[in-house]
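Trainee: This is the structure I have questions about; it appears just below.
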C-alpha cells in the first residue's frame, strides 16, 4: 500500500451544524482530498493543549478533488470534539492523513448495501460515490436515535441511491432499529452472493451487523470506532482481538493500520 | 556555529535529541511525516527474542496531560526485526539504538549476541523497566542487585555501548543507577513510565485491561526532572533524560539539569516531528545564548539558588 499520509495544518473553509451536537467542516487540503480512499480516516488536533493531548480520528466524509477540500463530521462527545465545535472558517487544524485501510471492493459486486449507524454514516459517502461511478447499484440504510442525529440522508437521496431510514423514536423513517428493514431487504435478495454489506457505526450497531452477516450469509465489512493513541502504528494502543486466531497468527490487529475497516468475520467486538 | 553533538561514553550523537523506545515504532511508520535524519538517534521499539502479541485491549487511556498505556511489549520478535525492520533503519542517516527487553537474563543475552553480528547498530538500550509485563520487566530495575547482575552479564557479551533504562517506581532510583554504572553501563536513561490507574465509574472496571498501566506525557515531566537531578548528583556516567518532553523548552530543562541527551516519547503520538522541531529549537536557543557546545556549555549547567550572606 502506498504511504500517502502527510502531516499538515489545514484551514477550515466551512463549518456546518447538522444537529444539536452534530457538526461538519470542510478542510482545505488538496493532497488528502486527492488521495483519501473510502473508509480511510484523518487524525485531527485543535491547538496545542495537553487536555486533550491526543489527536482524534474521523472518517474522510466527503471531498472535492478539484476544489481541494475534504470534510469531516462529528458528534460532540468529549473535550476534543467540543474544541472542534468552536472552530470557524479561517481557523486551522493539524491533520495527519489519510490513514488506515479503507473498504475493499469485492470481486463480482453487483449490489452494495451501505449501512450507517448514527455518526458512523460519515464513512459512507466516498464509498457510495466510487460504487456509483463503477456502475454498482447502491442501497443505503441509515439508523439513528432520533431525527436530529440522522445525518446525510438528503445527500444520499440526491445521489439517486435508494435510501431507507429508521430512528429509535420514530421521528424520521421507521420507528426502531435499522436492522429490521435491513433484514427484510436482505431476505428478498435474488443474488445474495453478489451483495455485500458496508457498515460503520457504534459498537452495538456493529455487533448487530456482524450477526446479520452470519444469519443471512451476506458478506460484509465493518468500520470500527475506537480509541487511538497515534493513528499510524507507533503506539500500538488500538489493538482489536482477532477472531479464532491460529497459534502461528496474530492474536491482535491494529485498528489504525489493519483497520479501521475489517471483514465482519475478522475481529471480535468485545463487550 | 553551535556544536550540537554530544558523547555518551563511546557513543557519539550528532545532536542530543533521541526518540524513545515504544513511541516511534521502527522508524518507517513516521518516515513520511518527519525528516528522520534530523534526529540525533532513533531508539527502536523493544525487541524480544520471540514475537510478543502484547496485552489484550483496552491498552491505552487518555488523561489530562498524559496517557496510560499497557501495550505489553508487543513486537515482531528478533528474527523479524532483523529481517524486516533493520534494513530500513540502516538507510536512515542517524544513530540507531536498539532497545532490548526480556523476561530472563538468558533472553537478554541471546538477543545481544545475535544483534552483535548485525551492522548498523550503535548501541543497546536495556529495558529493565517495563511496568506492563508479568515477568522480568519492572522486576529487574526495581532491584539494584539484579540490575547490576544483568548489566554485568550484558557488558561481557555486548560489543556496543549499553544504556540501562530505569523505572521511577522505586524508593531510590540513584541506587539502581549506581548499580548499573558500577556494572559497566555506559549510560542510564530515565524515566520509564509511572505506574498509574484509572477507573471507569460506570462499569467499575479499570480503564486498562491489565489494571495498572504506565502513565506518560507532559504530566510526568517534573517528576522525571527531579529523578534526573537526583541521579546526576550521585552517578558519574551520562544520563539520558526522558519524561513528558514535548518541545524545546522541555528538552532544555533536562539538558540543563544534567541529561547529556533526551528522548522524546509520548509527544511523538501527537506529532512525530517533535524531535526534529526540538533540534531546530536547540540551535536557536544556543545562538541566542551564544553557546558553542551543547555538551560543554549547556549539559548540567543548572545554577542552584544561593542564600545571600
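Chains as they are written, first to last, in this note's numbering: chain A, 3 to 273; chain B, 141 to 449. Note that the Cβ used here is the ideal one computed from N, Cα and C, for glycine as well. Fair warning: this is a prediction, and the values are worked out from it, not measured in the lab.
1) Give me the chain A residues within the contact set of residue 202 (chain B), using Cβ-Cβ distance strictly less than 7 Å, ordered along the chain.
2) Please classify residue 42 (chain A) as buried or exposed, where buried requires at least 16 other C-beta atoms within 10 Å of its C-beta.
3) By the criterion of Cβ-Cβ separation under 8 Å, what are the contact partners of residue 243 (chain A) in chain B?
4) Taking the straight line between their C-alpha atoms, what separation do you get for residue 335 (chain B) and residue 145 (chain B)?
5) For the segment 195-232 of chain B, list the alpha helix (DSSP H) runs that are entirely contained and at least 4 residues long, ordered along the chain.
6) Would residue 86 (chain A) count as contacting chain B if we go by Cβ distances under 8 Å?
7) Nearest-angstrom Cα distance between residue 293 (chain B) and residue 190 (chain B)?
8) Using C-beta distances below 6 Å, list every residue in its chain close to residue 54 (chain A), excluding the 5 sequence neighbours before and after it, in chain order.
9) Mind pulling the chain A residues with CB within less than 7 Å of residue 410 (chain B)?
10) When DSSP builds the beta bridges, which residues end up paired with residue 332 (chain B)?
11) Taking residue 374 (chain B) as the reference, give the member of B:343, B:314 and B:403 with the closest Cα.
12) Give, in chain order, every residue of the segment 415-437 of chain B whose Cβ lies closer than 7 Å to some Cβ of chain A.
13) Going by DSSP, what residue range makes up the beta strand (DSSP E) through residue 240 (chain B)?
14) Using three-state DSSP, classify residue 55 (chain A) as helix, strand or coil.
15) Quick one: residues in its chain with C-beta nearer than 8 Å to the C-beta of residue 322 (chain B), no 5 flanking neighbours on either side, listed in chain order?
16) DSSP state of residue 434 (chain B), grouped into three classes?
17) Rounded to the nearest angstrom, what separates residue 184 (chain B) and residue 209 (chain B) at their Cα positions?
18) Identify the contact partners of residue 164 (chain B) in chain A, using a Cβ-Cβ distance below 7 Å as the criterion.
19) Counting contacts by CB-CB distance shorter than 8 Å, is residue 170 (chain B) in contact with chain A?
20) Mapping DSSP to helix, strand and coil, what is residue 174 (chain A)?
21) Given that residue 357 (chain B) touches chain A, what residues does it touch there, using C-beta distances under 8 Å?
22) Please name the residue in B:392, B:376, B:417 and B:385 whose C-alpha comes closest to that of residue 437 (chain B).
23) Leaving out the 5 sequence neighbours to the left and right, which residues in its chain are closer than 8 Å to residue 133 (chain B) when beta-carbon positions are compared?
24) Compare the beta carbon distance of residue 253 (chain A) and residue 432 (chain B) with 8 Å and say whether it is the shorter of the two.
25) Using the three-state DSSP reduction, which class does residue 179 (chain A) fall into: helix, strand or coil?
26) Which one or two residues does DSSP pair with residue 29 (chain A) in a beta bridge?
27) Does DSSP classify residue 222 (chain A) as helix, strand or coil?
28) Would you mind sorting residue 246 (chain A) into buried or exposed? The rule is 16 or more other CB atoms within 10 Å of its CB.
29) Roughly how many angstroms separate the alpha carbons of residue 265 (chain B) and residue 304 (chain B), rounded to a whole number?
30) Give the straight-line distance between the Cα atoms of residue 117 (chain A) and residue 177 (chain A), rounded to the nearest whole angstrom.
31) With the cut-off set at 8 Å, would you say residue 269 (chain A) and residue 232 (chain A) are in Cβ contact?
32) In chain B, which residues lie with their C-beta within 7 Å of the C-beta of residue 239 (chain A)?
33) Based on the DSSP output, what are the partners of residue 263 (chain B) in its beta bridges?
34) Considering only C-alpha positions, which residue in the set A:14, A:202, A:68 and A:189 is nearest to residue 89 (chain A)?
35) Which class does residue 151 (chain A) belong to by DSSP, given the choice of helix, strand or coil?
Mentor: In terms of the structure at hand:
1) Taking the second chain and counting its residues from 1, the one referred to as residue 202 (chain B) is at position 62. For the C-beta of residue 202 (chain B), the chain A residues within less than 7 Å are, from N- to C-terminus, 54, 55 and 56.
2) Start at 1 with the first residue of the first chain, and residue 42 (chain A) comes out as number 40. Classified as buried, residue 42 (chain A) has 16 or more neighbouring CB atoms from the shown chains inside 10 Å of its CB.
3) In the first chain, the residue the question calls residue 243 (chain A) occupies position 241. Those within 8 Å of residue 243 (chain A) in chain B are 196 and 197.
4) Within the second chain, the letter at position 195 stands for residue 335 (chain B). Within the second chain, the letter at position 5 stands for residue 145 (chain B). About 33 Å.
5) Complete alpha helix (DSSP H) runs here, min 4: 226-231.
6) Along the first chain, one-based indexing puts residue 86 (chain A) at 84. Output row for residue 86 (chain A): interface = no.
7) Translated into the one-based positions of the second chain, residue 293 (chain B) becomes position 153. Translated into the one-based positions of the second chain, residue 190 (chain B) becomes position 50. Cα-Cα distance, rounded: 20 Å.
8) On the first chain, position 52 is the one that residue 54 (chain A) refers to. Residues of the same chain with a CB within less than 6 Å of the CB of residue 54 (chain A), apart from the 5 flanking positions on each side, are 81 and 82 in chain order.
9) Residue mapping note: residue 410 (chain B) aligns to position 270 of the second chain, counting from 1. What residue 410 (chain B) touches in chain A: 47, 55, 56 and 57.
10) By 1-based counting over the second chain, the position of residue 332 (chain B) is 192. In the DSSP output, where bridge partners are listed per residue, residue 332 (chain B) has none listed.
11) Here residue 374 (chain B) refers to the residue found at position 234 of the second chain. Checked all of B:343, B:314 and B:403; the closest Cα to residue 374 (chain B) is B:314.
12) Near chain A, meaning a CB-to-CB distance below 7 Å, no residue of the segment 415-437 of chain B qualifies.
13) Here residue 240 (chain B) corresponds to residue number 100 of the second chain, with the count starting at 1. Segment 235-240, the beta strand (DSSP E) holding residue 240 (chain B).
14) Looking up residue 55 (chain A) in the first chain gives position 53. If DSSP states are grouped into helix, strand and coil, residue 55 (chain A) belongs with coil.
15) The residue you call residue 322 (chain B) lines up with position 182 of the second chain. Hits under 8 Å: 288.
16) Along the second chain, one-based indexing puts residue 434 (chain B) at 294. Of the three classes helix, strand and coil, the one that applies to residue 434 (chain B) here is helix, per DSSP.
17) Position 44 of the second chain, counted from the start, is the residue given in the question as residue 184 (chain B). Position 69 of the second chain, counted from the start, is the residue given in the question as residue 209 (chain B). Answer to the nearest angstrom: the Cα atoms are 17 Å apart.
18) Against the second chain, residue 164 (chain B) aligns to sequence position 24. Residues of chain A passing the Cβ test: 236.
19) For this step, residue 170 (chain B) is matched to residue 30 along the second chain. At least one CB atom of chain A sits nearer than 8 Å to the CB of residue 170 (chain B).
20) Residue 174 (chain A) sits at position 172 when you count from the first residue of the first chain. Under the three-state reduction of DSSP output, residue 174 (chain A) falls in the coil class, being neither helix nor strand.
21) Within the second chain, residue 357 (chain B) is the residue found at index 217, counting from 1. Proximity of chain A to residue 357 (chain B) at the Cβ level (cut-off 8 Å) is accounted for by 52 and 55, in chain order.
22) Taking the second chain and counting its residues from 1, one reaches residue 437 (chain B) at position 297. Looking at the Cα atoms, B:392 is the closest of the given residues.
23) In the structure displayed, chain B extends from 141 to 449; residue 133 (chain B) sits before or after that span and is not available.
24) Mapped onto the first chain, residue 253 (chain A) falls at position 251. Mapped onto the second chain, residue 432 (chain B) falls at position 292. Not closer than 8 Å, so no.
25) If you number the first chain from 1, residue 179 (chain A) lands on position 177. Coil at residue 179 (chain A), not helix or strand.
26) On the first chain, residue 29 (chain A) is found 27 positions in, with the first residue counted as 1. Among the bridge pairs identified by DSSP, residue 29 (chain A) is matched with A:14 and A:72.
27) Position 220 of the first chain, counted from the first residue, corresponds to residue 222 (chain A). Note: residue 222 (chain A) maps to strand in three-state DSSP.
28) Here residue 246 (chain A) refers to the residue found at position 244 of the first chain. Residue 246 (chain A) comes out exposed.
29) Sequence index remark: in the second chain, residue 265 (chain B) carries index 125 (1-based). Sequence index remark: in the second chain, residue 304 (chain B) carries index 164 (1-based). In a straight line, the C-alpha of residue 265 (chain B) is about 6 Å away from that of residue 304 (chain B).
30) Within the first chain, residue 117 (chain A) is the residue found at index 115, counting from 1. Within the first chain, residue 177 (chain A) is the residue found at index 175, counting from 1. Each residue's Cα considered, the two are about 16 Å apart.
31) Within the first chain, the letter at position 267 stands for residue 269 (chain A). Within the first chain, the letter at position 230 stands for residue 232 (chain A). When the beta-carbon positions are compared, residue 269 (chain A) and residue 232 (chain A) stay at least 8 Å from each other.
32) One-based indexing of the first chain puts residue 239 (chain A) at position 237. Within chain B, the residues near residue 239 (chain A) are 199, 200, 209 and 211.
33) Walking along the second chain from the start, residue 263 (chain B) turns up at place 123. Beta-bridge pairing links residue 263 (chain B) to B:237.
34) For the purposes of this step, residue 89 (chain A) is taken as the residue at position 87 of the first chain. Closest by alpha carbon: A:14.
35) Looking up residue 151 (chain A) in the first chain gives position 149. Looking at residue 151 (chain A) - three-state DSSP - the assignment turns out to be helix.
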